[in-house]
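Reminder that position 115 of the sequence shown reads as 115 in the UniProt record's numbering, one-by-one numbering, no gaps. A virtual CB, placed ideally from N, CA and C, is assigned to each residue, including glycine. Written below as structure tokens is the structure these notes are about.
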Amino acid sequence: MKAWITLLLLVLPGSLWASDRFLAEPGGLGLFLVAPLLVLGLAGLVLAKNRYITSIPTRHGFSLITPGKKQRFFPIVESVESMEPVVKALGDEGINIYSNVAKITLSHKPQGLFLEEKNYKISILVNRRRSRRCFLNDGDILDMGELTLLYHSPHPYRENQEDKEQAGHQIPRVKRVQGKPIKTYPSLIPADKRKKTFFLTQNLTFVGRSDMNDLVSKSKGMAPRHSKIEKVAGRYKIIDLDTQGGTFVNGRRVEQKFLKDGDHISFESVKYLFSLSGEPR
Numbered sequence: 001m002k003a004w005i006t007l008l009l010l011v012l013p014g015s016l017w018a019s020d021r022f023l024a025e026p027g028g029l030g031l032f033l034v035a036p037l038l039v040l041g042l043a044g045l046v047l048a049k050n051r052y053i054t055s056i057p058t059r060h061g062f063s064l065i066t067p068g069k070k071q072r073f074f075p076i077v078e079s080v081e082s083m084e085p086v087v088k089a090l091g092d093e094g095i096n097i098y099s100n101v102a103k104i105t106l107s108h109k110p111q112g113l114f115l116e117e118k119n120y121k122i123s124i125l126v127n128r129r130r131s132r133r134c135f136l137n138d139g140d141i142l143d144m145g146e147l148t149l150l151y152h153s154p155h156p157y158r159e160n161q162e163d164k165e166q167a168g169h170q171i172p173r174v175k176r177v178q179g180k181p182i183k184t185y186p187s188l189i190p191a192d193k194r195k196k197t198f199f200l201t202q203n204l205t206f207v208g209r210s211d212m213n214d215l216v217s218k219s220k221g222m223a224p225r226h227s228k229i230e231k232v233a234g235r236y237k238i239i240d241l242d243t244q245g246g247t248f249v250n251g252r253r254v255e256q257k258f259l260k261d262g263d264h265i266s267f268e269s270v271k272y273l274f275s276l277s278g279e280p281r
């Protein structure tokens, strides 16, 4: 309403001036009446377009991104109060998932979607970090057994660190301490003997300089998110994420490659030996 009043105040002085100029000329009356209508019509078109653009809904839900599975989307509405219908819709017989996912609740709050794990026997990972209760951000990755989901949200991403900590996304400032892994897990053995062996215990492992990765290296030659290693049909494939420095296997630069036991992997100066035996250092 205020926009229309402002527009009329702008148009009115011009109309009064136009009345003195154009009424004295042939056809001036028609032009005097049509000009303000054209201005008002154009303004109405602009306002209608803005309202239409702002009314377009942004999708809200989960996408299946489990390696080797066809991507599917499940929308989240107010009636969805747990992860159970999500898992039923996106999971299948070929994916091992948790049996009691109804204990993972979803609460719709003004700040966004709040996830809470009420069954302490379940281990759910949010962005590769274990989390029992948190607000989900657009782009978050959830691991539930062999099921990997990507969350989509119309709410803006929380970049403020205090908001992220209150929401439950607490990024650890210290190195992760891995428990004793099963010996059959493959591993990345660093060339630097001062560093520990990293075990590939997840279906998808991110490598890079950022603390949000699973395997973190602060080397200047590493990109914030440099590459990923995903498990595909029992094999492990390394994929370079379009980095400038590149990802190398046995001295040759690769975009993606299935790894074999004994392969040498390097990211600039950072080097690892891929081992299927899972022998720790």
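| Item | Value |
| --- | --- |
| Exposed unless 16 or more other CB atoms sit within 10 angstroms - verdict on HIS264 | exposed |
| Proximal residues to ILE189 (C-beta, below 7 Å), its chain only, five neighbours per side dropped | THR197, TYR272, LEU273, SER275 and ARG281 |
| Beta bridge counterpart(s) of GLY61 as assigned by DSSP | PRO75 and HIS152 |
| Buried/exposed call for PHE73, threshold 16 Cβ in 10 Å | exposed |
| Selected residue, minimal CA-CA separation from ARG253, among LEU259, ASP240, LYS88 and VAL101 | ASP240 |
| Below-8 Å beta-carbon distance, GLY91 vs any chain D residue | Of the protein chains in the structure, only one exists, and it is not chain D. |
| Of the listed residues LYS69, ILE229 and TYR151, nearest to PHE258 (C-alpha basis) | ILE229 |
| Close-in-space but distant-in-sequence residues of the same chain around SER107 (CB under 6 Å, 5 per side omitted) | PHE114 |
| Touch test, the stretch 67 to 87 against the stretch 144 to 156, Cβ-Cβ under 8 Å, three pairs minimum | yes |
| Residue range of the unbroken alpha helix (DSSP H) whose run includes VAL101 | Note, VAL101: premise wrong, no alpha helix (DSSP H); not H, not E. |
| Backbone CA spacing between GLN111 and HIS155 [nearest angstrom] | 8 Å |
| Same chain, Cβ closer than 8 Å to ASN127, five either side skipped, listed in chain order | ASP140, ILE141, HIS169 and MET212 |
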